[in-house]
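So the structure is just underneath, and the comments pick up after that.
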Amino acid sequence: EEPHGAAPVDFLQELPSCQSARRRRGGTQERRPALRGTASSRGAAARELLPERGELPHRPAREHPDCMAEKRRMRNSQQAKTEQLSRWKKWKRASSKSLKKALSEVKGLSSYLVLWRHDIHSIEGKFGTGIQSYFSFLRFLVLLNFIIFILMFSFVTLPTIISKYGIFNSTIAYISPKNIEDICTIYEPNGNKGLVYFYTYLKDLLSGTGFLEVTSLFYGYYSIDAVWISIMRYNLPLAYLLATFAYLALSFLWIIKRSVEGFKHNLVHDADPFQSYCNKVFAGWDFCITDPHAARLKHRSLQYELQMDLQEEKLKQKIAERRMEEKLRIYSLRIFINIIVIAILSGCFYSIYRVTVFSQENSSVSIRNDTRTDLVNLLVQYLPSIVITLANFIGPLIFSFLIRFEDYTPAFEIKLTLLRCVFVRLANIGVLLFSLWSQISDCGSDKCKPCGYNYKLYPCWESDVGQEMYKLMIFDFIVILAVALFMDFPRKLLVTHCSCKLVQWFGHKEFEISDNVLEIIYGQTICWIGAFFSPLLPAIATIKYFIIFYIKKIVLIHTRKPAARPIRASSSNFFFLVVLLIGLLLAFIPLGVSIARIPSSKACGPFRNFNTSWEVIPDTILKFPTGLQQVLFGMASEAFAVPFFVILCIIMFYVIALARAHKRVVEQLREQLVLESRDKTFLIRKIAEAQ
Numbered sequence: 001e002e003p004h005g006a007a008p009v010d011f012l013q014e015l016p017s018c019q020s021a022r023r024r025r026g027g028t029q030e031r032r033p034a035l036r037g038t039a040s041s042r043g044a045a046a047r048e049l050l051p052e053r054g055e056l057p058h059r060p061a062r063e064h065p066d067c068m069a070e071k072r073r074m075r076n077s078q079q080a081k082t083e084q085l086s087r088w089k090k091w092k093r094a095s096s097k098s099l100k101k102a103l104s105e106v107k108g109l110s111s112y113l114v115l116w117r118h119d120i121h122s123i124e125g126k127f128g129t130g131i132q133s134y135f136s137f138l139r140f141l142v143l144l145n146f147i148i149f150i151l152m153f154s155f156v157t158l159p160t161i162i163s164k165y166g167i168f169n170s171t172i173a174y175i176s177p178k179n180i181e182d183i184c185t186i187y188e189p190n191g192n193k194g195l196v197y198f199y200t201y202l203k204d205l206l207s208g209t210g211f212l213e214v215t216s217l218f219y220g221y222y223s224i225d226a227v228w229i230s231i232m233r234y235n236l237p238l239a240y241l242l243a244t245f246a247y248l249a250l251s252f253l254w255i256i257k258r259s260v261e262g263f264k265h266n267l268v269h270d271a272d273p274f275q276s277y278c279n280k281v282f283a284g285w286d287f288c289i290t291d292p293h294a295a296r297l298k299h300r301s302l303q304y305e306l307q308m309d310l311q312e313e314k315l316k317q318k319i320a321e322r323r324m325e326e327k328l329r330i331y332s333l334r335i336f337i338n339i340i341v342i343a344i345l346s347g348c349f350y351s352i353y354r355v356t357v358f359s360q361e362n363s364s365v366s367i368r369n370d371t372r373t374d375l376v377n378l379l380v381q382y383l384p385s386i387v388i389t390l391a392n393f394i395g396p397l398i399f400s401f402l403i404r405f406e407d408y409t410p411a412f413e414i415k416l417t418l419l420r421c422v423f424v425r426l427a428n429i430g431v432l433l434f435s436l437w438s439q440i441s442d443c444g445s446d447k448c449k450p451c452g453y454n455y456k457l458y459p460c461w462e463s464d465v466g467q468e469m470y471k472l473m474i475f476d477f478i479v480i481l482a483v484a485l486f487m488d489f490p491r492k493l494l495v496t497h498c499s500c501k502l503v504q505w506f507g508h509k510e511f512e513i514s515d516n517v518l519e520i521i522y523g524q525t526i527c528w529i530g531a532f533f534s535p536l537l538p539a540i541a542t543i544k545y546f547i548i549f550y551i552k553k554i555v556l557i558h559t560r561k562p563a564a565r566p567i568r569a570s571s572s573n574f575f576f577l578v579v580l581l582i583g584l585l586l587a588f589i590p591l592g593v594s595i596a597r598i599p600s601s602k603a604c605g606p607f608r609n610f611n612t613s614w615e616v617i618p619d620t621i622l623k624f625p626t627g628l629q630q631v632l633f634g635m636a637s638e639a640f641a642v643p644f645f646v647i648l649c650i651i652m653f654y655v656i657a658l659a660r661a662h663k664r665v666v667e668q669l670r671e672q673l674v675l676e677s678r679d680k681t682f683l684i685r686k687i688a689e690a691q
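Residues 1 to 691 in full-length UniProt numbering are what the sequence shown lists, from first letter to last.
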């Protein structure tokens, strides 16, 4: 029996995986001790391992990887063992099973409460996961803005309303500003008085002036230092600042949590070109598609992706074979095109700056009782929003045209164009805020000597910034609605009912996922920046995105067609969140400057008695007990910051080392998969030889 039992061992030593392992160890490794011995001894060892495998946690029989007969036998055995248990253990097992069942039913019922669940599943079935990811992203922004609104309303707006109406025996505490000239405390909003025409209300609704300026929508409404509810003192300035920090931190953590999941999928798909080919060929089909037309589109998109991959490989080979003269020509052309791009961006930024200065200087003129004057004044107020929208529309068109001459790979062309579009959209907001700050802090000829800012033009500059963010939000929504009504639907009617070759050549417009995502991320960045100056702006953003969902759904179903160059859902979700994170980081900069650097208005707002909004933090800490003060100030000192930074660096190095170790394990597993395929080929060849 010994020679017969040793044969399988020698046969296993001939496998390619075993030979590769011996070569890796140096070729002198002895056979493993576990492989020695007779077949009976190895069988006994295997039988000894069976009880260990059988010692699985108590699971239902249906969850075991066995045939139906074995599952029935296992179920009968479990029922027999249950009869022998004590009453306490029976009750414990029954209650555990009932709890699991109840939780499962609650989880199933909660899935029906998910917003737009049926609509998104329907879109996924007709147009695939790429377009579905856009609508899921839009749903995420609706929920995020709603939570931000609840946060600002609960801690800022609601206490102010309660105190002003005297609910729950609440009172308002005003603290007169100290060491401030009286001229700095004058703030007279242009509220509508007397008989007012309807178009005046419409103008105020679009511009945020008039009756809206004195409502809880803007910063100037919250000119309260403290709220007394019974015997409890509510520090409104501190709550206002902490609520701002809270919604920024909440947004940051939520985006990071969602982007980590997308990064894992993106890392798997982009790990290896060969793996990318395998994913497209064997796992590229979207089984959620049920519509035949969408299935044909998906088939063409997969064919297109494979063609693009082959084209990229061919282009990479061509790049590797380029001569020095060709490289110099291409690099010179790229430098020239980038100079043109910088010139276009500079022109956009300068135009926004000049228009903002012109708008701020001329919109402060008193409003006359003439319809034309009101319309002209409204146009002047909306000039920055109009110019920014034109720059966001014209800039990407020029970038898409210029990128064709730079001779990049198709994938890099898309990424570079999107990067430029993201930059121009988000940078336009930054230029607008810089223009406003330059006007607010314009201290030429002692304009802001008494108050620290230009009090004549901006008695309550925070409300003015809030009005600009409000106008950007409203105008962005108007543009989206106008494009759907006056461009998409007429184009659909022309293509459907007109047989002209020129009209048919234009055809249906594609639903570009990236452009639509940049559109809503631009609006979300405005919301993050404007929520400090207009606490109810997140509520407007929630309503706006809620309506946009249905607008985009109708436009997609009736007027658009899926893009010919689709984006994979996993990579698109990750890209959306990365761009959204860039917008959030951009929002940190103007908010940080407004809170810590620019003097707060002395005529309005909860920070009238502080030089800057940030001063409410140290002022509150000084009211704490001495021991707690020392702890907090110690945490803010260099003696705490340096060791904390060192500990963070150590943790970071540990995580990097762990990631490298995981990467090596992944590489070994991939190599093992390759060796297993070779083993299968070897075994098939041996079987063929034996026959």
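Even glycine gets a Cβ: it sits at the ideal position worked out from N, Cα and C.
Legend entry - Boundaries of the alpha helix (DSSP H) in which Tyr470 is found, first to last residue: What you label residue 470 is simply residue 470 of the sequence shown in a count that begins at 1. Unbroken alpha helix (DSSP H) run through Tyr470: Trp461 to Val483.
Inset, instruction - Check the DSSP bridge columns for Lys509 and list the partner residues they point to. - result: Position 509 of the sequence shown, counted from the first residue, corresponds to residue 509. DSSP output for Lys509 lists Arg560 as bridge partner(s).
Inset, instruction - Would you mind reading off the limits of the alpha helix (DSSP H) that contains Leu457? - result: Residue 457 sits at position 457 when you count from the first residue of the sequence shown. DSSP places Leu457 in no alpha helix (DSSP H); its state is neither H nor E.
Inset, instruction - Identify whether Thr620 lies in helix, strand or coil by the three-state DSSP scheme. - result: To locate residue 620, count along the sequence shown from 1; it is residue 620. Looking at Thr620 - three-state DSSP - the assignment turns out to be helix.
Legend entry - Under the three-state DSSP convention, the category Cys498 falls into: Working through the sequence shown from its first residue, we reach residue 498 at position 498. Three-state result, Cys498: coil.
Inset, instruction - Check whether the segment 509-526 touches the segment 449-463, counting contact only when three or more Cβ pairs, one atom from each stretch, lie closer than 8 Å. - result: Taking 8 Å as the limit for Cβ pairs, the verdict is that the segment 449-463 does not touch the segment 509-526.
Inset, instruction - Compute the Euclidean distance between the alpha carbons of Phe574 and Gly430, then round it to the nearest angstrom. - result: Counting from one through the sequence shown, the residue named residue 574 turns up at place 574. Counting from one through the sequence shown, the residue named residue 430 turns up at place 430. Phe574 and Gly430: Cα-Cα distance of roughly 24 Å.
Inset, instruction - Between the Cα of Asp225 and those of Phe211, Glu213 and Leu241, spot the shortest distance and give me the residue it belongs to. - result: Taking the first residue of the sequence shown as position 1, residue 225 is located at position 225. The shortest Cα separation from Asp225 among Phe211, Glu213 and Leu241 belongs to Leu241.
Legend entry - Expected contact under 8 Å - CB spacing of Ile480 and Ile557 to nearest Å: Sequence index remark: in the sequence shown, residue 480 carries index 480 (1-based). Sequence index remark: in the sequence shown, residue 557 carries index 557 (1-based). Under the criterion of beta carbons closer than 8 Å, Ile480 and Ile557 do not qualify as touching, at roughly 17 Å.
Inset, instruction - Please classify Thr612: does DSSP put it in a helix, a strand, or coil? - result: Start at 1 with the first residue of the sequence shown, and residue 612 comes out as number 612. Thr612: coil per DSSP, three-state reduction.
Inset, instruction - Could you please give the first and the last residue of the uninterrupted alpha helix (DSSP H) stretch that includes Arg117? - result: Taking the sequence shown and counting its residues from 1, the one referred to as residue 117 is at position 117. Arg117 to Phe127 is the extent of the alpha helix (DSSP H) around Arg117.
Inset, instruction - Kindly indicate which residue of Tyr277, Ile598 and Asp476 has the alpha-carbon position closest to the one of Ile547. - result: In the sequence shown, the residue the question calls residue 547 occupies position 547. Comparing Cα-Cα distances from Ile547 to each of Tyr277, Ile598 and Asp476, the minimum goes to Asp476.
Inset, instruction - Going by CA-CA distance only, name the one from Pro292, Gly395 and His293 that's closest to Ile340. - result: Numbered from its first residue, the sequence shown carries residue 340 at position 340. Nearest of Pro292, Gly395 and His293 to Ile340, Cα basis: Gly395.
Legend entry - Close beta carbons around Ile554, own chain, < 8 Å, minus the five adjacent residues each side: On the sequence shown, position 554 is the one that residue 554 refers to. Here the set comprises Ala484.
Inset, instruction - Enumerate in chain order the residues of its own chain whose CB-to-CB distance from Glu48 is below 7 Å, with the five nearest sequence positions on each side excluded. - result: Position 48 of the sequence shown holds residue 48. Note on Glu48: pLDDT 44, under 50, position unreliable in the model; no value is reported.
Legend entry - Of the listed residues Ala690, Gln672 and Lys686, nearest to Ala20 (C-alpha basis): Residue 20 sits at position 20 when you count from the first residue of the sequence shown. For the record, residue 20 in the displayed sequence is Ser; it is not Ala. Looking at the Cα atoms, Gln672 is the closest of the given residues.
Legend entry - Gln84, buried or exposed, once every other Cβ within 10 Å from all chains shown has been counted against 16: The count along the sequence shown starts at 1 and reaches residue 84 at position 84. With fewer than 16 other Cβ atoms within 10 Å, it is exposed.
Inset, instruction - Assign Glu689 to buried or exposed, taking buried as 16 or more other Cβ atoms, counted over all protein chains shown, within 10 Å of its Cβ. - result: Position 689 of the sequence shown, counting from 1, holds the residue named residue 689. Burial call: exposed.
Legend entry - Given Phe135 as reference, the closest of Pro643, Phe588, Phe511 and Ser594 once Cα atoms are compared: Counting from one through the sequence shown, the residue named residue 135 turns up at place 135. Taking only the C-alpha atoms, the option nearest Phe135 is Phe511.
Legend entry - Residue from Arg670, Ile440, Lys544 and Phe533 with nearest C-alpha to Pro606: Here residue 606 refers to the residue found at position 606 of the sequence shown. A check of alpha carbon separations from Pro606 across Arg670, Ile440, Lys544 and Phe533 identifies Phe533 as the nearest.
Legend entry - Backbone CA spacing between Ser223 and Ala603 [nearest angstrom]: Counting from one through the sequence shown, the residue named residue 223 turns up at place 223. Counting from one through the sequence shown, the residue named residue 603 turns up at place 603. Each residue's alpha carbon lies about 8 Å from the other.
Inset, instruction - Mark Gln630 as exposed unless 16 or more other C-beta atoms lie within 10 angstroms of its C-beta, in which case mark it buried. - result: By one-based count along the sequence shown, residue 630 stands at place 630. Exposed, since its Cβ has fewer than 16 Cβ neighbours within 10 Å.
Legend entry - Per-residue DSSP class, three states only, for Asp407: As a working note, residue 407 is residue 407 in the sequence shown. In the displayed model, Asp407 falls within coil according to three-state DSSP, outside both helix and strand.
Legend entry - Pairwise C-alpha distance: Glu261 and Ala427: Position 427 of the sequence shown holds residue 427. Position 261 of the sequence shown holds residue 261. The alpha-carbon atoms of Ala427 and Glu261 are separated by roughly 28 Å.
Inset, instruction - Would you check if the segment 376-389 and the segment 326-336 touch, i.e. whether three or more CB-CB distances between them fall below 8 Å? - result: Put simply, the segment 326-336 does not touch the segment 376-389. Fewer than three CB pairs are less than 8 Å apart.
Inset, instruction - Between the Cα of Phe434 and those of Val380, Leu113, Ser351 and Asn377, spot the shortest distance and give me the residue it belongs to. - result: The residue labelled residue 434 in the question sits at position 434 within the sequence shown. Comparing Cα positions, the closest option is Ser351.
Inset, instruction - Pull up the distance between the alpha-carbon of residue 692 and that of Leu416, whole angstroms please. - result: Past the edges of the chain, shown from 1 to 691, lies residue 692, and the structure says nothing about it.
Legend entry - Coil, strand or helix - Phe393 by DSSP: The count along the sequence shown starts at 1 and reaches residue 393 at position 393. Correct three-state label for Phe393: helix.
Inset, instruction - Within 10 angstroms of the Cβ of Met68, are there 16 or more other Cβ atoms? Answer buried if so, exposed if not. - result: Taking the first residue of the sequence shown as position 1, residue 68 is located at position 68. Per the 10 Å Cβ criterion, exposed.
Legend entry - Whole-angstrom C-beta distance between Ile255 and Leu584, which should lie under 8 Å: As a working mapping, residue 584 is identified with position 584 in the sequence shown. As a working mapping, residue 255 is identified with position 255 in the sequence shown. Going by Cβ atoms, the distance from Leu584 to Ile255 rounds to 7 Å, so yes, they are a contact pair.
Inset, instruction - Pull up the distance between the alpha-carbon of Ala39 and that of Arg93, whole angstroms please. - result: Walking along the sequence shown from the start, residue 39 turns up at place 39. Walking along the sequence shown from the start, residue 93 turns up at place 93. Any answer about Ala39 is weak, because its pLDDT of 41 lies below 50 and its placement is not dependable; what the coordinates show is given next. The alpha-carbon atoms of Ala39 and Arg93 are separated by roughly 42 Å.
Inset, instruction - Please list, in chain order, all residues of the same chain as Phe146 whose beta carbon is under 7 Å from its beta carbon, the five residues on each side excluded. - result: As a position in the sequence shown, residue 146 is number 146, starting the count at 1. Hits under 7 Å: Thr542.
Legend entry - Endpoints, alpha helix (DSSP H) assigned at Glu70: The residue you call residue 70 lines up with position 70 of the sequence shown. Met68 to Glu83 is the span of the alpha helix (DSSP H), which, as asked, contains Glu70.
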